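Working notes, structure below.
Numbering (my numbering), first residue to last: 2 to 460.
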């Protein structure tokens, strides 16, 4: 059968599914799809889903709900009377459940299309895009909106301790959404943010990444240029000028934009300027100067300059939408990290164990530096899994070499054997700091290492 069966125009709307209707999710155990399945189930839909495996934390989340789960993909998994099939972007045409959609002419859609239709709808969408900082910044914005009692809708590509879930459809007028530049589905090879209709756009960074779908930096810039120029006259683009490609893009298309442009960074001409930051243990004091707010000091319980910039993006996005600086500052001071973003898994006496999602060389570099700032006098182990499509290619070889400059010991997980890793655990001193970085499960290493270090403490 022709693959042209699947098109963006041919995708079905969630609105056509009756109350209590049946929805099947192909590729349900990722963070986004699992949270979507759970939210749909809460709203009264009868939901089923399939995946190869069900790893924690999403596996436990799904098993605690009424979502019917199938391990492995099979043509028989889709219910006989299914009203809608949601297909993850990791799925391809050769998946047996995808082929059943075509053979039975079933209604189908993708995750970002449902987010655009249902979670955003007519709400004011605050979309956070860029190569870095999307999850943390979206989490901070959603957290402040939630604590302020606005009942926002939100989607965050991670698990945030500040919020009851990572995907929520609220009653308030704002929707905070992580705007990923990765493609939406095998039939919709456009960035997810295309479906999010930004009213307030936060553009944190532009660098080369996702080499599997963006052959060159120019292709990455083109994607973000399309996003920026899509904003209407009542929109606002909040752009980080720390990154050269963002500055260059603003110089090129800025004068012709319909929307307002607000900048943040470290430059004298920025609308929101990082004046000073002082690290005090795990908290940093961030001083921001703004034409709108004047001076603002924020006590941020997150480490590193990159998180200071994420906080500035949050301040700008909310202040430009009428929220008071006092309210923003109050709620940022109690912010908590997104899991796997500088997540301290083990602290106190003995080895400190930190887990992070960093995989791009810039993210690796700023994360290692941030941990070094907090623990300047302790031996720092940087354990990195080069798992992403970009990190496994030669495009960033020199950048990765420099990214670990602040670490005392570096281990590449794909190179080191299991026996070598066990030996390294024995070599870790009681005052050492271990930083694990991967955009995947790391083969369960974080949990295994935490358990081994806890056992060593108690022995």
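Even glycine gets a Cβ: it sits at the ideal position worked out from N, Cα and C.
From a predicted model like this one, the values you see are computed outputs, not experimental measurements.
Pull up the distance between the alpha-carbon of residue i and that of residue j, whole angstroms please.
i: residue 229; j: residue 272; result: 18 Å
i: residue 66; j: residue 33; result: 16 Å
i: residue 379; j: residue 204; result: 35 Å
i: residue 99; j: residue 50; result: 13 Å
i: residue 176; j: residue 37; result: 15 Å
i: residue 319; j: residue 283; result: 25 Å
i: residue 343; j: residue 411; result: 17 Å
i: residue 21; j: residue 47; result: 6 Å
i: residue 168; j: residue 218; result: 31 Å
i: residue 372; j: residue 358; result: 14 Å
i: residue 457; j: residue 407; result: 27 Å
i: residue 185; j: residue 159; result: 18 Å
i: residue 153; j: residue 170; result: 7 Å
i: residue 78; j: residue 64; result: 17 Å
i: residue 409; j: residue 429; result: 12 Å
i: residue 269; j: residue 257; result: 23 Å
i: residue 231; j: residue 377; result: 45 Å
i: residue 274; j: residue 324; result: 18 Å
i: residue 16; j: residue 451; result: 45 Å
i: residue 288; j: residue 329; result: 14 Å
i: residue 445; j: residue 427; result: 19 Å
i: residue 259; j: residue 103; result: 41 Å
i: residue 441; j: residue 401; result: 18 Å
Would residue i be called buried (16 or more neighbouring beta carbons within 10 Å of its own) or exposed?
i: residue 19; result: exposed
i: residue 216; result: exposed
i: residue 432; result: exposed
i: residue 279; result: exposed
i: residue 221; result: buried
i: residue 227; result: exposed
i: residue 348; result: exposed
i: residue 81; result: exposed
i: residue 327; result: exposed
i: residue 387; result: buried
i: residue 35; result: buried
i: residue 417; result: Residue placement at residue 417 is poorly supported in this model, since its pLDDT is 49, which falls under 50; the coordinates are not used for a value here.
i: residue 58; result: exposed
i: residue 182; result: buried
i: residue 10; result: exposed
i: residue 293; result: exposed
i: residue 276; result: exposed
i: residue 75; result: exposed
i: residue 398; result: exposed
Is the CB-CB distance between residue i and residue j below 8 Å?
i: residue 413; j: residue 385; result: yes
i: residue 130; j: residue 71; result: no
i: residue 179; j: residue 148; result: no
i: residue 254; j: residue 196; result: no
i: residue 301; j: residue 336; result: yes
i: residue 30; j: residue 7; result: no
i: residue 173; j: residue 151; result: yes
i: residue 374; j: residue 437; result: no
i: residue 1; j: residue 244; result: For residue 1 there is no data in the structure shown, the boundaries of the chain being 2 and 460.
i: residue 454; j: residue 145; result: no
i: residue 118; j: residue 14; result: yes
i: residue 68; j: residue 101; result: no
i: residue 316; j: residue 297; result: yes
i: residue 132; j: residue 210; result: yes
i: residue 489; j: residue 299; result: Only positions 2 to 460 of the chain appear in the structure, and residue 489 is not among them; the question remains open.
i: residue 198; j: residue 126; result: yes
i: residue 225; j: residue 241; result: no
i: residue 404; j: residue 447; result: no
i: residue 111; j: residue 12; result: yes
DSSP beta-bridge partners for residue i?
i: residue 139; result: Answer is none; residue 139 lacks a bridge partner.
i: residue 355; result: 345, 436
i: residue 382; result: 410, 435
i: residue 179; result: 129
i: residue 260; result: BP columns for residue 260 are empty, so no partner.
i: residue 70; result: 50
i: residue 241; result: 265
i: residue 296; result: 290
i: residue 157; result: The partner list for residue 157 (beta bridge, DSSP) is empty, contrary to what the question assumes.
i: residue 85; result: 24
i: residue 281; result: 284
i: residue 203; result: 129, 239
i: residue 339; result: 161
i: residue 184; result: 192
For chain D, check one thing: does any of its Cβ atoms lie closer than 8 Å to the Cβ of residue i?
i: residue 27; result: The structure shown has no chain D; it contains just one protein chain.
Below 8 Å, can you find three or more Cβ-Cβ pairs linking the segment 11-29 to the segment 86-95?
For the pair of segments examined, the segment 11-29 was found to touch the segment 86-95: the number of CB pairs separated by less than 8 Å reaches three.
Take every Cβ of the segment 189-200, pair it with every Cβ of the segment 94-102, and state whether three or more of those distances are shorter than 8 Å.
No: the two stretches stay apart, fewer than three of their Cβ pairs being nearer than 8 Å.
Three or more C-beta pairs closer than 8 Å, one from the segment 298-314 and one from the segment 355-368: is that the case here?
Inter-segment contact for the segment 298-314 and the segment 355-368 is present: three or more beta-carbon pairs are separated by less than 8 Å.
Between the segment 233-243 and the segment 148-165, can you find at least three pairs of beta-carbon atoms closer than 8 Å?
Because the criterion of three Cβ pairs below 8 Å is not met, the segment 148-165 and the segment 233-243 do not touch.
Would the segment 138-147 count as touching the segment 310-318 if we require 3 or more Cβ pairs under 8 Å?
Yes, they touch.
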